[in-house]
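Asker: Sequence order for the protein chains is D and S. For the first sequence, counting from 1, position 119 maps to 1070 in this note's numbering; every step adds exactly one. For the second sequence, counting from 1, position 122 maps to 1073 in this note's numbering; every step adds exactly one.
There are 2 protein chains.
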Amino acid sequence: MMGHTLSERELISRIRRQANRTDQGLVKGIGDDCAVLRNAENRLSLITTDALVESVHFDISWHPPFLLGRKTASVNISDIAAMGGIPRFVLLAMAVPAVVESEWLTGFLDGFLSVLDEQGAVLIGGDTVRSTGPIVCSVTVLGEGDKDRILYRHSAQVGDLIWVSGTLGDAAAGLAMFSSIVRRPSALTEWPELCKAHLDPTAEVELGLLLAVSGLVHAMMDISDGLATDLAHICEESRVGAQVFAEQIPISDQLVAASRELAVLPLDWALRGGEDYHLLFTASSTVGERLEKLVYEKMGKAIYCVGRIVEGNGVALFNSGKSQEIAFGGFDHFARHG
Amino acid sequence: MMGHTLSERELISRIRRQANRTDQGLVKGIGDDCAVLRNAENRLSLITTDALVESVHFDISWHPPFLLGRKTASVNISDIAAMGGIPRFVLLAMAVPAVVESEWLTGFLDGFLSVLDEQGAVLIGGDTVRSTGPIVCSVTVLGEGDKDRILYRHSAQVGDLIWVSGTLGDAAAGLAMFSSIVRRPSALTEWPELCKAHLDPTAEVELGLLLAVSGLVHAMMDISDGLATDLAHICEESRVGAQVFAEQIPISDQLVAASRELAVLPLDWALRGGEDYHLLFTASSTVGERLEKLVYEKMGKAIYCVGRIVEGNGVALFNSGKSQEIAFGGFDHFARHG
Chain D
952 MMGHTLSERE LISRIRRQAN RTDQGLVKGI GDDCAVLRNA ENRLSLITTD ALVESVHFDI
1012 SWHPPFLLGR KTASVNISDI AAMGGIPRFV LLAMAVPAVV ESEWLTGFLD GFLSVLDEQG
1072 AVLIGGDTVR STGPIVCSVT VLGEGDKDRI LYRHSAQVGD LIWVSGTLGD AAAGLAMFSS
1132 IVRRPSALTE WPELCKAHLD PTAEVELGLL LAVSGLVHAM MDISDGLATD LAHICEESRV
1192 GAQVFAEQIP ISDQLVAASR ELAVLPLDWA LRGGEDYHLL FTASSTVGER LEKLVYEKMG
1252 KAIYCVGRIV EGNGVALFNS GKSQEIAFGG FDHFARHG
Chain S
952 MMGHTLSERE LISRIRRQAN RTDQGLVKGI GDDCAVLRNA ENRLSLITTD ALVESVHFDI
1012 SWHPPFLLGR KTASVNISDI AAMGGIPRFV LLAMAVPAVV ESEWLTGFLD GFLSVLDEQG
1072 AVLIGGDTVR STGPIVCSVT VLGEGDKDRI LYRHSAQVGD LIWVSGTLGD AAAGLAMFSS
1132 IVRRPSALTE WPELCKAHLD PTAEVELGLL LAVSGLVHAM MDISDGLATD LAHICEESRV
1192 GAQVFAEQIP ISDQLVAASR ELAVLPLDWA LRGGEDYHLL FTASSTVGER LEKLVYEKMG
1252 KAIYCVGRIV EGNGVALFNS GKSQEIAFGG FDHFARHG
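(1) Mind checking which residues open and close the alpha helix (DSSP H) that includes L1218/D?
(2) Measure from the C-beta of D983/S to each C-beta in chain D and report whether the shortest distance is under 8 angstroms.
(3) When the Cα of V1164/S is compared with those of V1066/S, V1007/S and V1246/S, which residue comes out closest?
(4) Under 8 angstroms between C-beta atoms, does T1233/S make it to chain D?
(5) Considering D1061/D, what are the terminal residues of the alpha helix (DSSP H) in which it resides?
(6) Out of L1230/S, A1179/S and A1154/S, which has the shortest C-alpha to C-alpha gap to Q1070/S?
(7) Any idea if V1047/D is buried or exposed, counting beta-carbon neighbours within 10 angstroms, 16 or more meaning buried?
(8) Measuring only between beta-carbons, confirm whether Y1103/S sits less than 8 angstroms from chain D.
(9) Residues in its own chain within less than 8 angstroms of M1171/D by CB, not counting five upstream and five downstream?
(10) Under 9 angstroms, CB to CB, which of the residues in the region 1147-1166 of chain D have a partner in chain S?
(11) Enumerate in chain order the residues of its own chain whose CB-to-CB distance from F1017/S is below 8 angstroms, with the five nearest sequence positions on each side excluded.
(12) Mind pulling the chain A residues with CB within less than 9 angstroms of M1172/S?
(13) If L1182/S sits next to A1193/S, beta carbons under 8 angstroms apart, how far is it from one beta carbon to the other, in whole angstroms?
(14) Determine which residues share a DSSP beta bridge with P1038/S and list them.
(15) Using a Cβ-Cβ cut-off of 8 angstroms, state whether G1084/D counts as contacting chain S.
(16) Count the other CB atoms within 10 Å of the CB of G1020/S; is the residue buried (16 or more) or exposed (fewer)?
(17) Could you check what DSSP says for I1362/S in three-state terms: helix, strand or coil?
(18) Using the three-state DSSP reduction, which class does V1050/S fall into: helix, strand or coil?
(19) Which residue wins for smallest C-alpha separation from K1098/D, given the options E992/D, G1224/D, T1237/D and V1115/D?
(20) Beta-carbon within less than 6 angstroms of W1114/S's beta-carbon, same chain only, minus the 5 sequence neighbours each way: which residues are those?
(21) Using the C-alpha atoms, what's the distance from V1051/S back to I1086/D?
(22) Using a cut-off of 7 angstroms between C-beta atoms, extract the partners of I1277/S located in chain D.
(23) Please check the pair L1206/D and D1121/D, which I expect to be a contact at CB under 8 angstroms, by giving their CB distance rounded to whole angstroms.
(24) For the alpha helix (DSSP H) that I1260/D lies in, which residues bound it at each end?
(25) Assuming A1209/S is part of the beta strand (DSSP E), what are its boundary residues?
(26) Return the first residue and the last residue of the alpha helix (DSSP H) that S1029/S is part of.
(27) What's the C-alpha gap between A1278/D and H1184/S?
(28) Can you check DSSP and say which residues form a bridge with D1173/D?
(29) Relative to the C-alpha of D1176/S, which residue among D1010/S, E1226/S and K1244/S is closest?
(30) Alpha carbon to alpha carbon, how far is D1219/D from S1210/D?
(31) Per DSSP, F1009/D forms a beta bridge with which residues?
(32) Who are S1274/S's beta bridge partners in DSSP?
(33) Kindly confirm or deny that the region 1141-1155 of chain S and the region 1022-1033 of chain S touch, where touching means at least three C-beta pairs closer than 8 angstroms.
(34) Could you give the C-beta distance for A1002/D and I1075/D, rounded to a whole number, given that I count them as a contact under 8 angstroms?
(35) What is the DSSP secondary structure of V1246/D, reduced to helix, strand or coil?
(36) Can you find a CB in chain S that lies within less than 8 angstroms of the CB of L988/D?
Given below as structure tokens:
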């Protein structure tokens, strides 16, 4: 692997400490040209990669480095959760300008590693290089799942109900709070749920695994780009359409309060805000109650039915008796005229 | 995965075409939250990640996009070759400023994919995001190897001979040609071998596999940071020392000619130039002839013995009867006073 700076040495020594974690699947961790992994029998490997760019995906002026490290790990692990897998191994490649202080890097790495520890995943490789521009973090996560229990986007069926695993729009509202009006540290205490949703989202690995193992779910993904866009992905891949009912969309009290303060429609944030990292899944309407009960009994958690899968294509929002196409960018149109 | 730009759509459509390649290990390629892989029995997985940053690792003013795409793939695949593995699956995450033309991106991607095709590897995922700064390419390569034939850095033994698989310093000389004096298109024709070494290095997958399967090699890595530094890594990991003999280091005729033109010591480029991506390996002195013969008969290629593994630590260069420590940055010192 390439590139050497002074701070890379510090980083690597911190990384190596965490990488001392043993794992039966890990033959060789950091320190050679590649990490070497032993394959688990009857399991499939899941792999995902994401790049996060400073001032495009995050703003270090208000995002504390520890929480940004946590978010960087969580949003990537969320892709593993979204298929019903568990995260196992992580690689982190960072391009960092020379002006970034080692204190910032240490905080970021501590946050990143804290999520890995919570999730039982191990950092097995990476690369830290100088950059002449913004901080760029590229994360690759390897996970695994039972070979008969992986949940894809392409398996939604006509007649399925559509579920989400948490209130929508909180992360977008949190971002709006930081970026448009508040910009004051007290925002963290005034809007704790919204701030947490934006700064430190949780990858729903436990729920994803529970749903996968239940055998009750057809299609699943995580909500990273907003319900409207992500549901459209499921529809495209499954060659079906979807109907979403506005009054069924779970919206938090804090979101409603924040929407009044910023004069935004709560539904706008909820449908296309993105970055909620809750799970979006479909299941036969006959198993709805069983699913709700299962998730509540195992995790003390509610899930919310927001619509149904229909023949055709696209995503239609039903609101106060009117329907409106909202797939992908479609909700922009709705927001202007709705 | 996150981030959407217009050019991402083009990119993804190109990527999907290449990703139509079938592979028995690939259950699901691009199009879901993760790629899904079926594990091969009795094989170990190899994984490596690298970030390349514009104006730190490459300069688009003289590096044609097709060749830069090739190099980006090759330098990452080289880490798989360095362990005796074969590359199987690749993920590419790119942060790209809006000003970069789609023609450039297309050229880069064509080059990147051409190497994957040559190596029999499949692109299974990625992420393209906007950047406010330099182009950053993060590549993750998954490979595999026979579980008893992976070659590590930590297995060098006292008494081993040290080998390299090609002339050293050519990439550094090619870079010097482009960056210091020449800066004219004719450099490509005047110094073809040096330019190729810098612009379009080859990952020595076939040789790495041959050496691994031979059972004759103890430790191996690729030469990305220069012989002095990379040999020091083998010494550290294996807890041994090394002696390198200046007159045995293979140096190309073009390097000698270029060194005269730029008034540089050829040995300086050869020992610490880096980016040659040849293989560096050690084997018992009793099998040296067998190794040379094996590589020549199977690949029509020469390998070069440049030194030997000794007790102790560090890397000592013997040159005209004098010896000098050259591990890691040590050769700077040598270059000033030698």
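Even for Gly, the Cβ is constructed at its ideal location relative to N, Cα and C.
Answerer: Reading from the atomic positions:
(1) Here residue 1218/D is taken as the residue at index 267 of the first sequence, counted from 1. Start and end: P1217 to R1223.
(2) Sequence index remark: in the second sequence, residue 983/S carries index 32 (1-based). Closer than 8 angstroms: yes.
(3) Reading the second sequence from its first residue, position 213 is the one you call residue 1164/S. Checking every option, the nearest Cα to that of V1164/S belongs to V1246/S.
(4) The residue you call residue 1233/S lines up with position 282 of the second sequence. T1233/S does not count as touching chain D.
(5) Numbered from 1 along the first sequence, position 110 holds the residue referred to as residue 1061/D. Where D1061/D is concerned, the enclosing alpha helix (DSSP H) stretches over S1053 to Q1070.
(6) The sequence position of residue 1070/S within the second sequence is 119, counting from 1. Checked all of L1230/S, A1179/S and A1154/S; the closest Cα to Q1070/S is A1154/S.
(7) Looking up residue 1047/D in the first sequence gives position 96. Buried is the call here.
(8) Translated into positions along the second sequence, residue 1103/S becomes position 152. So, interface residue.
(9) Within the first sequence, the letter at position 220 stands for residue 1171/D. Within the same chain, and ignoring the five residues on either side of M1171/D in sequence, the residues whose Cβ sits closer than 8 angstroms to its Cβ are A1033, M1034, G1035, L1102, Y1103, R1104, G1159, L1162, A1163, L1230, L1231, F1232 and T1233.
(10) Listed by position, the residues of the region 1147-1166 of chain D near chain S (Cβ gap below 9 angstroms) amount to none.
(11) Taking the second sequence and counting its residues from 1, one reaches residue 1017/S at position 66. The residues are G1058, F1059, D1061, G1062 and S1065.
(12) Within the model displayed, chain A is absent; protein chains D and S are what it includes.
(13) Taking the second sequence and counting its residues from 1, the one referred to as residue 1182/S is at position 231. Taking the second sequence and counting its residues from 1, the one referred to as residue 1193/S is at position 242. Rounded to whole angstroms, the Cβ separation of L1182/S and A1193/S is 5 angstroms, and the two are in contact under 8 angstroms.
(14) Translated into positions along the second sequence, residue 1038/S becomes position 87. The partner list for P1038/S (beta bridge, DSSP) reads G1094/S.
(15) Taking the first sequence and counting its residues from 1, one reaches residue 1084/D at position 133. For G1084/D, the answer is yes, since a Cβ of chain S falls inside 8 angstroms of its Cβ.
(16) Along the second sequence, one-based indexing puts residue 1020/S at 69. Buried: at least 16 other Cβ atoms inside 10 Å.
(17) Outside the modelled stretch of chain S, which goes from 952 to 1289, sits residue 1362/S, for which no answer is possible.
(18) Locating residue 1050/S in the second sequence gives position 99, counting from the first residue. In the three-state reduction of the DSSP assignment, V1050/S falls in the coil class.
(19) Position 147 of the first sequence, counted from the first residue, corresponds to residue 1098/D. It is E992/D.
(20) Within the second sequence, numbered from 1, the residue matching residue 1114/S stands at position 163. The beta carbon of W1114/S sits closer than 6 angstroms to the beta carbons of F1232, I1254 and C1256 from its chain, once the five residues preceding and following it are set aside; these are given in chain order.
(21) The residue you call residue 1086/D lines up with position 135 of the first sequence. The residue you call residue 1051/S lines up with position 100 of the second sequence. The C-alpha of I1086/D lies about 19 angstroms from the C-alpha of V1051/S.
(22) Position 326 of the second sequence holds residue 1277/S. Within 7 angstroms Cβ-Cβ: nothing; I1277/S doesn't reach chain D, min ~16 angstroms.
(23) For the purposes of this step, residue 1206/D is taken as residue 255 along the first sequence, with counting starting at 1. For the purposes of this step, residue 1121/D is taken as residue 170 along the first sequence, with counting starting at 1. About 6 angstroms; that satisfies the 8 angstroms criterion.
(24) Stepping through the first sequence from its first residue, residue 1260/D is reached at position 309. Taken as a continuous stretch (DSSP letters only), I1260/D belongs to no alpha helix (DSSP H), being part of the beta strand (DSSP E) at Y1255 to V1261.
(25) Stepping through the second sequence from its first residue, residue 1209/S is reached at position 258. Taken as a continuous stretch (DSSP letters only), A1209/S belongs to no beta strand (DSSP E), being part of the alpha helix (DSSP H) at D1204 to L1213.
(26) Sequence index remark: in the second sequence, residue 1029/S carries index 78 (1-based). Boundaries of the alpha helix (DSSP H) around S1029/S: P1016 to A1032.
(27) As a first step, residue 1278/D must be located in the first sequence, where it is residue number 327. As a first step, residue 1184/S must be located in the second sequence, where it is residue number 233. About 53 angstroms.
(28) Position 222 of the first sequence, counted from the first residue, corresponds to residue 1173/D. Beta-bridge pairing links D1173/D to L1230/D.
(29) Translated into positions along the second sequence, residue 1176/S becomes position 225. By alpha-carbon distance to D1176/S, the top candidate from D1010/S, E1226/S and K1244/S is E1226/S.
(30) For the purposes of this step, residue 1219/D is taken as the residue at position 268 of the first sequence. For the purposes of this step, residue 1210/D is taken as the residue at position 259 of the first sequence. Cα to Cα, D1219/D sits roughly 10 angstroms from S1210/D.
(31) Taking the first residue of the first sequence as position 1, residue 1009/D is located at position 58. Within the DSSP secondary-structure output, F1009/D pairs in a beta bridge with E1005/D.
(32) As a first step, residue 1274/S is located in the second sequence; it is residue number 323 there, counting from the start. DSSP, once it has assigned bridges, lists F1269/S as partnering S1274/S.
(33) Contact between the region 1141-1155 of chain S and the region 1022-1033 of chain S is present: 3 or more CB-CB pairs across the two stretches fall below 8 angstroms.
(34) Within the first sequence, the letter at position 51 stands for residue 1002/D. Within the first sequence, the letter at position 124 stands for residue 1075/D. Contact flag wrong, Cβ pair sits at about 19 angstroms.
(35) As a position in the first sequence, residue 1246/D is number 295, starting the count at 1. Taken through DSSP and simplified to helix, strand or coil, V1246/D comes out as helix.
(36) Counted from its first residue, the first sequence places residue 988/D at position 37. So, interface residue.
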